[in-house]
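Sequential numbering from 1 applies to the sequence shown in UniProt numbering. Yeah, the Cβ is synthetic: ideal placement off N, Cα and C, and Gly gets one too. It should be emphasised that the depicted structure is a prediction, and the values quoted were computed from it without experimental measurement.
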Amino acid sequence: MRIGGFNKYRNSVATVSGREAWYSELFLDTSTSVACDGLAIDEQRLYVKTASGNSLQALGIDSPGKLGPQTAALEGPLGRILDWSAASCDTDMVSAADDQGVVSVWKDCSPVLTVKAHTAACSSVRFHPTVAGILATTAAASTASKRSEVRLWNVSASTESAFWEMSVDGIVDSVAIRGDGQLISAITHDGICQIYDPRQQAGSGASSVGKTAAIYAPGRPTRVLWLGEKPYLLTTGLTRMRERSAALWDQRNLSKPLASISLQPSTKPLIPLYDEDTQLAYLAEKGDNAIRWVDADPSSAQPLAELGTVVLQSQVSGCALLPKRALRVMSGEIARVHVVTENSGAGTGAAVIPISHIAPRRTYLDFHADLYPDTRAPLPAQSYDQWIAQQPSCVPRMSLDPAKSEASLASLRQIYAAALGQGNQEAALSPVKCSEDHGPPSEVKPPVAEALNSEPKPEPEPKTVVANTSEDIPTPEPAPVTPATTLPSKPQEEPSVPASGENEPIKVSPKFIAVACDGAGGQIGIIRRDTPGRVPTKLPTVVHGSSVVTMEFDPFDPNVIATAGSDGKLQMWHIPDTELDEETTFDLVEYICVTADRIHQIQFHPWAKGVVAVLVTDAEEQAIFVYHGLMLHFIVGKTRDGIHSFAWSPDGECIALTTKKSRQLQIYDPRTQDLLAKGPSMDSIRPCRIAWIDSSRICLAGFGSGSQRQIKVYDVGSLSKPIAMATIDVGPGLLVPIVDADCGIIYLDDRGSRLTHPFELVGDKLFSLPKLESAQPGLGLAMVPKKYADISHCEIGLFYRLNAQSVEPIGFRVPRKRPEYFQDDIFIDTYDTETPSVDPAAWIDGARAKPLMESLCPPGMTPLSQAPPEAIRRRTFEAKVEKPVDNTKDAINAMLRRVESSDDDASNSRNGSGANDVESSSGSDWDD
């Protein structure tokens with residue numbers, strides 16, 4: 001949302017519409033309660049209070065002009081109306097509260113419900129932002145009491161009793177419900193804002209979970225507003241000098257505001273409005289003629305900095321923001337504030353004046369996606385039963401692109417109607433009116449991808465590479481490659497595998513394989529690990545809602561996967577054990593709104609369930625946020641140098657990271673945020689990945705000088721220089737280390753190439769093992785826990801390699817002389833990484849994990865150490881015994897005499913035989 005720490009919408013220009021666009025000559029009653037905005041807007045109508053004071057007048061959005069009293073009126077058994085509001089997740093629904101404590105609800109201008117909510121005047125009424133049919137109301141406990149009641153009602157159940165009630169000290173001026181619907185805040189006349197969780201003890205109330213400091217003068221009007229789904233509040237009030245003031249608060253530290261702004265003195269409050277998409281807040285000065293807008297981004301360089309002011313000719317008595325879906329996006333309109341003025345300046349009566357905020361662009365021929373992030377869709381995120389059971393919710397969002405908005409909203413309606421169990425599909429699929437310049441809709445892909453059934457096939461043997469882990473083992477030879485899981489062909493409309501090497505495109509749990517896919521909404525394809533073969537043409541996908549940056553399986557629950565998106569949200573999804581097909585739905589089990597610009601990496605704590613570390617960029621700084629549930633507990637390694645990557649230590653006590661600009665390796669204690677050690681890392685600022693080998697040694701894989709790809713091993717006790725180092729080659733590819741701590745083997749995944757480089761660490765020396773070369777370039781490599789490898793066949797590691805066409809299983813095996821026995825010399829007892837060993841709350845308080853050990857011996861196998869010795873083979877023949885050689889002088893002389901005698905006999909024999917031959921030859925010749 002920012003450029004260099006400032007809101008990118010800061011240069012927007014406010015333009016007051018011409019009189020032809022005004023809703024003028026209205027006869028209104030502008031006396032309202034402190035909590036009332038004086039105007040309510042939904043997608044089709046504006047709602048103002050008539051001059052009689054006991055009814056509302058509905059004005060068509062597309063019908064400006066001189067209206068007078070002839071427009072439709074919403075009437076009921078009301079006294080004098082004090083506050084009214086329109087529902088954001090249920091179109092055409094509006095409610096109003098009067099001075100008799102009666103609350104009325106209308107749907108499409110027809111009365112739905114009237115209930116006596118309080119015995120005293122009801123001063124505030126608000127709809128729930130994510131659940132349809134829930135109302136929040138406030139009133140004094142009695143006419144003479146100094147206590148107030150805050151109640152929640154389920155309008156859909158048509159009950160006349162509240163399902164939640166809270167008694168608050170002081171007179172409550174206004175209430176607000178956080179954008180995700182989890183918390184409710186109430187601010188009193190004394191200037192103190194209290195926060196409650198209405199689901200903790202539904203039916204009988206609950207204690208406050210937070211309370212702000214008193215910074216406003218007591219006895220003066222105050223307002224409160226949540227900044228969407230974020231844990232920040234915006235409050236307005238009056239100081240002791242009667243200056244109008246606005247303050248920004250962090251829910252996690254309410255002792256003092258993050259920022260504040262003071263305006264000119266007055267006796268009337270500021271009306272706050274907030275635009276979640278642009279992170280701009282609008283402050284209307286009730287009783288005056290100015291509308292201001294400020295930067296409401298808590299992480300900006302100057303929170304609440306004033307960005308502009310519009311001055312009108314008449315006094316302001318109310319204002320409201322037009323829903324985003326009705327903006328003229330093809331004209332660069334980022335917001336439209338409708339202001340109620342007591343005098344239109346021409347003719348008689350009051351008027352509603354639109355003020356458009358335009359972002360300057362060179363041309364408006366194309367849709368500017370950078371100005372319009374996906375916005376809230378007019379749909380409930382969950383049902384009442386789901387909300388009261390504290391199930392996590394995911395706010396549905398839709399695109400504002402004119403070519404996609406109507407079709408994407410229609411598909412969202414269908415999906416959420418099915419998810420909420422609604423039977424009326426026609427109502428769920430009812431069309432939604434968009435602005436006139438949105439253009440014709442086009443067909444878009446639904447957020448939840450369809451999947452096709454596939455026939456189960458027998459599981460193939462994985463591709464096997466033999467690893468030499470002992471000096472007495474002969475040089476290995478790779479085994480033949482077997483079939484792998486084949487990804488579908490990638491037509492243009494289907495999600496495809498991304499080629500980026502900066503994220504993690506594949507993750508594996510004992511049950512599932514997750515593959516990051518390019519496509520609308522941020523999609524993660526899910527494949528069952530036990531059903532290899534060709535996957536369905538349309539992968540069953542988890543849809544995050546925005547581009548997925550990284551993902552990670554929960555180490556203690558193989559059915560839960562966490563996804564982090566470019567929208568700064570961390571969501572955890574449950575994958576069912578059933579067959580994954582087109583009917584499969586993935587339930588959101590947890591949702592964390594990370595208060596930062598961008599998420600880069602997530603990693604679960606190795607032993608404390610539910611504790612997760614998140615590498616984020618916030619403004620110009622990077623840090624590691626440590627969460628447990630929805631609470632941010634620790635901020636580790638905050639720096640402006642940038643962070644390449646981080647990793648938990650094997651015992652979960654430390655976090656190691658590498659910085660970019662300073663090129664340092666740093667180790668932190670996450671619970672104290674203390675820097676324990678630091679030293680130089682790689683020689684280049686290019687990407688570097690980190691992994692722990694054990695609790696005392698760390699591995700880095702990155703680039704040295706001259707684009708040399710290197711691996712370095714450091715001792716935690718001395719980070720001044722590496723204890724071992726090896727240069728791989730010269731190349732641009734990213735190296736990602738995967739460590740087998742039991743065998744001391746480091747596998748380097750060479751992203752974008754066909755190679756995997758394994759190294760064995762023995763003492764302080766690195767030994768290169770035979771490389772694995774695949775047929776196609778790899779996009780990513782993931783390893784399953786060791787106990788899921790084929791231990792009976794001496795498989796020390798089972799990996800899954802992702803390429804453009806398939807997910808290929810790879811097994812690393814060690815050749816052994818007696819493979820029928822369990823090789824307990826290489827398969828030592830290992831840690832049980834699937835069982836948490838410390839309570840998360842206890843770990844946060846300082847407790848250490850005590851991990852459990854487990855044996856890898858398969859059932860029915862005998863350890864090699866207990867095997868009987870090999871039988872000694874008997875010889876089948878006797879060896880000839882050589883006589884000892886007599887080397888004395890006499891023996892040598894006798895040997896020489898025998899040699900001479902043998903030579904003389906041979907000479908005589910040759911002479912005699914020659915004469916006989918001649919004679920014989922001559923005789924024969926003469927005879928002839």
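Among the candidates the options, whose CA atom is the shortest distance from the CA of residue i?
| i | options | result |
| --- | --- | --- |
| serine 753 | Ala775, Pro770 and Phe767 | Ala775 |
| isoleucine 728 | Leu748, Ser718, Val560 and Glu20 | Leu748 |
| alanine 564 | Gly179, Ile261, Trp573 and Ala894 | Trp573 |
| arginine 697 | Pro402, Asp366 and Asp764 | Asp764 |
| alanine 217 | Ala162, Leu304, Gly332 and Pro265 | Pro265 |
| tyrosine 274 | Thr159, Asp37 and Ala132 | Asp37 |
| leucine 626 | Asp651, Arg640 and Asp669 | Just to set this straight, residue 626 is valine in the shown sequence, not leucine. Cα-wise, what sits closest to valine 626 is Asp669. |
| alanine 141 | Lys8, Ala121 and Asn803 | Ala121 |
| valine 594 | Pro758, His628 and Asp581 | His628 |
| residue 931 | Val34, Val636, Pro836 and Asp581 | What is shown of the chain runs 1 to 928, which leaves residue 931 out entirely. |
| proline 819 | Phe759, Ser792, Ala804 and Val807 | Ser792 |
| leucine 225 | Val175, Tyr591, Leu755 and Asp190 | Val175 |
| tryptophan 84 | Ala35, Lys116, Gly68 and Ala73 | Ala35 |
| leucine 56 | Phe367, Ile81, Asp42 and Ser645 | Ile81 |
| arginine 397 | Ile41, Ser681, His544 and Met166 | His544 |
| valine 329 | Pro360, Ala351, Val807 and Gln315 | Pro360 |
| alanine 514 | Tyr800, Asp173, Met166 and Ala186 | Tyr800 |
| glycine 191 | Ala162, Leu234, Thr159 and Ser110 | Leu234 |
So, are the CB atoms of residue i and residue j less than 9 Å apart?
| i | j | result |
| --- | --- | --- |
| threonine 114 | valine 102 | yes |
| alanine 21 | proline 64 | yes |
| leucine 304 | alanine 214 | no |
| threonine 672 | glutamine 666 | no |
| threonine 130 | glycine 181 | yes |
| alanine 132 | alanine 86 | no |
| valine 716 | alanine 691 | no |
| threonine 32 | lysine 49 | yes |
| isoleucine 796 | valine 611 | no |
| proline 269 | arginine 244 | yes |
| glutamate 25 | leucine 74 | no |
| serine 393 | leucine 588 | yes |
| glutamate 590 | glutamate 552 | no |
Name the one or two DSSP bridge partners that residue i has.
| i | result |
| --- | --- |
| residue 944 | With the chain running from 1 to 928 in the structure shown, residue 944 is simply not present. |
| tryptophan 153 | Leu135 |
| glutamate 333 | Ile358 |
| alanine 96 | Trp84 and Ser104 |
| serine 768 | Phe759 |
| histidine 574 | Val560 and Asp587 |
| residue 932 | Residue 932 lies beyond the range of the chain shown here (1 to 928); nothing can be said about it. |
| valine 694 | According to the sequence displayed, residue 694 carries aspartate and not valine. According to DSSP, which records beta bridges pairwise, aspartate 694 is partnered with Arg697. |
| arginine 126 | Ala136 |
| glycine 191 | Glycine 191 pairs with nothing; no bridge assigned. |
Can you list, in chain order, the residues of its chain with a C-beta nearer than 8 Å to that of residue i? Leave out the 5 residues immediately preceding and following it.
| i | result |
| --- | --- |
| glycine 210 | Gln194, Ile195, Gln251 and Leu254 |
| arginine 751 | Gly501, Gly733, Leu734, Leu735, Val736, Gly778, Leu779 and Gly780 |
| isoleucine 693 | Cys699, Val713, Val739, Ala741, Gly744, Ile746 and Leu761 |
| serine 17 | Ile353, Pro354, Ile355 and Ser356 |
| lysine 511 | Arg528, Arg529, Asp530, Pro558, Asn559, Ile575 and Asp577 |
Under 6 Å Cβ to Cβ from residue i, same chain only, skipping five residues before and after it: list those, please.
| i | result |
| --- | --- |
| proline 373 | Asp277 |
| serine 317 | Thr30, Gly38, Val340 and Glu342 |
| aspartate 832 | Leu852 and Glu854 |
| valine 105 | Ser95, Val112, Leu113 and Val155 |
| arginine 19 | none |
| glycine 349 | Glu25, Leu26 and Phe27 |
Might you give, ordered along the chain, the residues of its own chain that have their beta carbon closer than 7 Å to the beta carbon of residue i, omitting 5 neighbours on each side?
| i | result |
| --- | --- |
| arginine 45 | Ala58, Leu59, Gly60 and Ile61 |
| leucine 258 | Leu248, Trp249, Asp250, Pro298 and Pro303 |
| glutamate 426 | Because the pLDDT of glutamate 426 is 37, which lies under 50, any placement of that residue in the model is unreliable, and the question is left without a value. |
| valine 311 | Asn289 and Ala290 |
Contiguous beta strand (DSSP E) assignments of at least 3 residues, all confined to the segment 776–809: Counting only runs of 3 or more, we get 780–783 and 795–802.
To test your reading of the DSSP string, which unbroken beta strand (DSSP E) runs of 3 or more residues are found completely within the segment 580–637? For the segment 580–637, whole beta strand (DSSP E) runs of length 3 or above, ordered along the chain, are 587–593, 598–604, 611–618 and 621–628.
Would you mind listing the beta strand (DSSP E) stretches within the segment 200–248 that are 3+ residues and don't spill past its ends, in chain order? Correct list: 208–211, 223–226 and 232–238.
With a floor of 3 residues, list each beta strand (DSSP E) that falls wholly inside the segment 698–750, ordered by position along the chain. Segments of the beta strand (DSSP E) lying fully in the segment 698–750: 708–715, 724–730, 735–740 and 745–750.
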